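Throughout the sequence shown, residue numbering follows the numbering used here, covering 1 to 776 in sequence. Ideal Cβ positions, reconstructed from N, Cα and C, are used throughout, including at glycine. Computed from a predicted model, the values in this text were never measured in an experiment. The next block holds one structure in the form of structure tokens; read it before the comments.
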Amino acid sequence: MGWEVQVGAPDVGAPTHTTGTEAGTWAVEAHGPMPLDGPTGRGIKVMSLDETIDLFHPHFFRADGGAHPWIDVDGDEILTPGVDGIDLNADLEIEGHEVIALLDHANTTTGAPADGAFDPSVDYLYLDLDGNGLRDRGVGFDESTPGYGEPMYLPDDANGDGTIDVHERVLLLSTSKIAAFRQGEEVWRRGVDLIEMPAFSYNTAWHGTTTVGILAGGQDRLFRSHRGLAGDVDIVMGSRLTWSGWADYIETYAWGIQEEAVDVVLHEYNTYSGHELDGSLLAEAAIDESSDAGVVHVCTAGNLAASERHAQTSAMPAAFQFLVPAGPLTFFRITLHWRDPVAELQCVLRNPQEQEHALVPNTVQAFGTNNVAVERFNSLGGTSLLFMEVTSTIAQHPGVGAWTLECTHGSAEPVTVHAYLRDPMTFWDTFTRFLQPAPDPTTTICVPATANSCVSVGGYEFQEPWTVPAGELGPWSSRGPRIDGGRTIDIAAPRDAYGPEPSPDKPDSSVYYTMPGGTSGAAPVVVAAVAQLLEAEPGLTSAQIRDRLRASAGVDEFVDVVDFPDDGWGYGKLRAYQALYDADPPARPDFVTRGLDVELQEGDGTCTAVVRVLDVDWPSPTFRWDDDYDGTWDTEFAATHERPIVLTPDDPTYAVRVEFGREGWRVGGGAVTGEVPASCFMGGGSESSSSGGSSETGDVVTGGSNTSGDEPTGSAGTGGAMTSTGAGASDTAGASDTAGGNDAVDDGGCGCTTTPASAAWWSIVLLALRRRRQSA
1 MGWEVQVGAP DVGAPTHTTG TEAGTWAVEA HGPMPLDGPT GRGIKVMSLD ETIDLFHPHF
61 FRADGGAHPW IDVDGDEILT PGVDGIDLNA DLEIEGHEVI ALLDHANTTT GAPADGAFDP
121 SVDYLYLDLD GNGLRDRGVG FDESTPGYGE PMYLPDDANG DGTIDVHERV LLLSTSKIAA
181 FRQGEEVWRR GVDLIEMPAF SYNTAWHGTT TVGILAGGQD RLFRSHRGLA GDVDIVMGSR
241 LTWSGWADYI ETYAWGIQEE AVDVVLHEYN TYSGHELDGS LLAEAAIDES SDAGVVHVCT
301 AGNLAASERH AQTSAMPAAF QFLVPAGPLT FFRITLHWRD PVAELQCVLR NPQEQEHALV
361 PNTVQAFGTN NVAVERFNSL GGTSLLFMEV TSTIAQHPGV GAWTLECTHG SAEPVTVHAY
421 LRDPMTFWDT FTRFLQPAPD PTTTICVPAT ANSCVSVGGY EFQEPWTVPA GELGPWSSRG
481 PRIDGGRTID IAAPRDAYGP EPSPDKPDSS VYYTMPGGTS GAAPVVVAAV AQLLEAEPGL
541 TSAQIRDRLR ASAGVDEFVD VVDFPDDGWG YGKLRAYQAL YDADPPARPD FVTRGLDVEL
601 QEGDGTCTAV VRVLDVDWPS PTFRWDDDYD GTWDTEFAAT HERPIVLTPD DPTYAVRVEF
661 GREGWRVGGG AVTGEVPASC FMGGGSESSS SGGSSETGDV VTGGSNTSGD EPTGSAGTGG
721 AMTSTGAGAS DTAGASDTAG GNDAVDDGGC GCTTTPASAA WWSIVLLALR RRRQSA
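As structure tokens, then:
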């Protein structure tokens, strides 16, 4: 007899999945012939150079602590946080510290608050062992503690119905995805002392948490909304909080390369003021050297294009007028760049009161209530620079209004002079800004994306457009070319995936998400594709990977470019599948909706529960099985749609998890638990699944359904009613002919079918139905 369900497909938004579909990383993962045969970043180690990270965010733990059953305290057959619990001490009672608490999803970008409603596609669970209403972590726990704190769980919504029913379990989060963390000269490593890494604040951990989360966060469960685009990579963090110069920068990523053997370095750091911008920094030379040795560097291009902080002119004199608005700033800076080795600029600074000050290189001189520091130097790449900083000597504003910097030179030929503004009020947003000549978005690519070998990444709007339509290059995204004309953007990627947000300063137990935006959000998407390339083809060099990304880049109606590379788009939009397989990605197939059937076969002192998936009629079906639902798959994907579970009288219960595949895609799943009757072990009759031809129901988990054609957007497919029929079998989805015969149910007997081999089979009610009977 088969137990059949009817399922639907609730629509839950999934920004990270949407980004993965756009960039092609999900199609790469699904490059079969079997599901998960494609690369997911396995064996690849990525170093992120950023400030710090929220070590304790659930996004950064693997769900490798086992699958755990829970107790349905209120008998409603679905998990209810605050009511149901996990029986830690196996005394069949739920005490206060065993009640499951909710780590509720909140989104600070959209403003969606933690609403108290349990959604297994985005929420996590935990046990509040000390009853203080918070998930405690860090202090009081040690390196061996799963999740570095009070127990934390991933709800395993096997069928994507938006609930956890009595057949589904929760997965303990255990091992950190962060392999090592370095700050200054100190290093903390997973398995040794990572839990003791320095404390972090919201501000210092925000950037690193969100960007690493886009790359590698979350857990690999089909119906989770937020999971990293290459979730199997290992993360090494290099903190820049204590850097005092480029030597520290070089030393940090050299440590990652030499001691941690990282394969990819993600540079989540940009600067431009006072720097050469021609690829000749020693730090950039170090990037190039390690790239030659095989390490792939991916660099954010910066977000300077719309800030009105760059201008250029070839007029003589070269006059730059700029506005210094009112506000609590005490200094501003200008850097001038030019490429003519003969020209020597002679500059005069004019304040809003029309007072003038001649700039004298390599001096600090008074100008009214300000000091003017000037430095003149040449880069190793042949760029001439004049750096100026105006600082108030009385800790007040240097002067509100329009300033002018006017320069002449001795060259007989026109000289193009670039000017860059910087102030302490903002880094990318407009504050001090050029008035004349008009601000210019080109030549705003920042260090270290100016390095010769770094994959430089621009960003485009995709699902949450700020100022331009989805698909357009972000107006903020820094443009090339490099100051010497020798380098520009390589590739553009969607910038608006959601990532986890740190919560050390928030007095609740919510799980926060946000959107980093800018090229900071785009670069992790490119790193995911690079990690997949390296897993699939480990012999690729850094130059070959860069060439593959360029050659496979996508061009559409938004990439309106004739000559490549373009200074904004580079070679086009990231297309990961084309980069790996030189073909267009296949469309994601629909999810499938199928029931699970359980039948019992008598053995010699044993009872075999045969769990099978009903109506396997989709193309290229495959399945993988977790025989005891302990959180570890016992099989790889294969064509076997049924699984025999041999039971003994000492352990008559079963719990089975299955996942469905189609070609390289996962398309559904389910779970079933139950206890077989004693008669199955005795070779006689069995407990009745129903009586008097009546019909009873319980919950069973089956596959999901989704017709969007995209990677699952959170919940897809639901559980439903399982019906055991009386005399006269139901014709729902072929349940009556599952075992090849007619079902019959007698009063007090078992619904059985007799096969030609005379084997006895019992169709059984599942665990939820059994509990109902016992409580009736």
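In the three-state reduction of the DSSP assignment, Ile250 falls in the helix class. For Asp590, the closest alpha carbon among the candidates Gly238, Trp403, Trp618 and Thr426 is that of Trp618. Its Cα nearest to that of Gln219, the residue Val122 stands out among Glu501, Glu375, Val457 and Val122.
Cβ atoms of Ala528 and Leu229 come within 8 angstroms of each other, at about 4 angstroms. For Leu647, the closest alpha carbon among the candidates Gln436, Glu186, His418 and Asp627 is that of Asp627. Spatial neighbours of Val296 in its own chain (CB-CB distance under 6 angstroms, excluding positions within 5 residues in sequence) are listed in chain order as Val264, Val530, Ser542 and Ile545.
At the C-beta level, Trp569 and Gly518 stay beyond 8 angstroms of one another. For the 8 angstroms CB-CB criterion, Arg350 and Trp428 do not form a contact. Arg624 has Glu659 as its beta-bridge partners, per DSSP. Distance check between Ala179 and each of Val236, Leu533, His207 and Pro146 places Val236 closest, using alpha-carbon atoms only.
Met682 counts as exposed, since fewer than 16 other beta carbons sit within 10 angstroms of its beta carbon. DSSP places Glu22 within a helical segment (H, G or I) once states are collapsed to three.
The C-beta distance from Thr444 to Gly302 rounds to 7 angstroms, short enough to fall under 8 angstroms.
Ranked by how close their Cα comes to the Cα of Met316, the residues His337, Val417, Glu284 and Ile287 have Val417 in first place. Per DSSP, reduced to three states, the secondary structure at Glu675 is strand.
Bounds of the beta strand (DSSP E) holding Gly238 are Asp234 to Ser239. Counting other Cβ atoms within 10 Å of its Cβ, Gly231 reaches 16 or more and is therefore classed as buried.
Per DSSP, His207 lies in no beta strand (DSSP E) segment; the continuous alpha helix (DSSP H) that holds it begins and ends at Tyr202 to Ala216.
Distance from the CA of Gly238 to the CA of Asp50, rounded to the nearest whole angstrom, comes to 6 angstroms. Residue environment: Trp188 is assigned as buried (16 or more neighbouring CB atoms within 10 Å of its CB, all protein chains considered). Taking Gly217 as the centre and dropping the five residues before and after it, the same chain places the C-beta of His57, His59, Phe60, Lys177, His226, Arg227, Gly228, Gly231, Gly499 and Pro500 closer than 8 angstroms to its C-beta, in chain order.
Judged by beta-carbon spacing, Leu79 lies beyond the 8 angstroms limit of Ile94, meaning their Cβ atoms are not closer than that value. For Arg546, the enclosing alpha helix (DSSP H) has its first and last residue at Ser542 to Ala551. With distances taken between CA atoms, Leu323 lies nearest to Thr430 out of Gly368, Thr430, Ala285 and Leu385.
The criterion of a C-beta distance shorter than 8 angstroms is not satisfied by Trp633 and Val656. Residue pairing by DSSP puts Trp338 in a beta bridge opposite Ser384. DSSP places Glu501 in the uninterrupted beta strand (DSSP E) bounded by Gly499 to Glu501. Per the coordinates, the alpha-carbon of Val342 lies some 51 angstroms from the alpha-carbon of Asp54.
Contact between Ala311 and Pro437 holds, since their C-beta atoms are separated by about 5 angstroms, short of 8 angstroms. With a 10 Å radius around the Cβ and a threshold of 16 neighbouring Cβ atoms, Asn370 comes out buried.
Distances from the alpha-carbon of Arg190 to those of Ala199, Arg221 and Thr145 put Thr145 closest.
The shortest CA-to-CA distance from Glu375 to any of Gly368, Gly382, Val390 and Gly381 is the one to Val390.
In this structure, the alpha-carbon of Asp76 lies about 13 angstroms from that of Gly85. Measuring C-alpha to C-alpha distances from Thr335 to each of Asp650, Glu143, Asp582 and Ala373 identifies Ala373 as the nearest. The beta-carbon distance between Trp255 and Arg182, rounded to whole angstroms, is 6 angstroms. This is short enough to meet the 8 angstroms contact definition.
Check the Cα spacing between Pro586 and each of Arg575, Leu596 and Gly595: the tightest is with Arg575.
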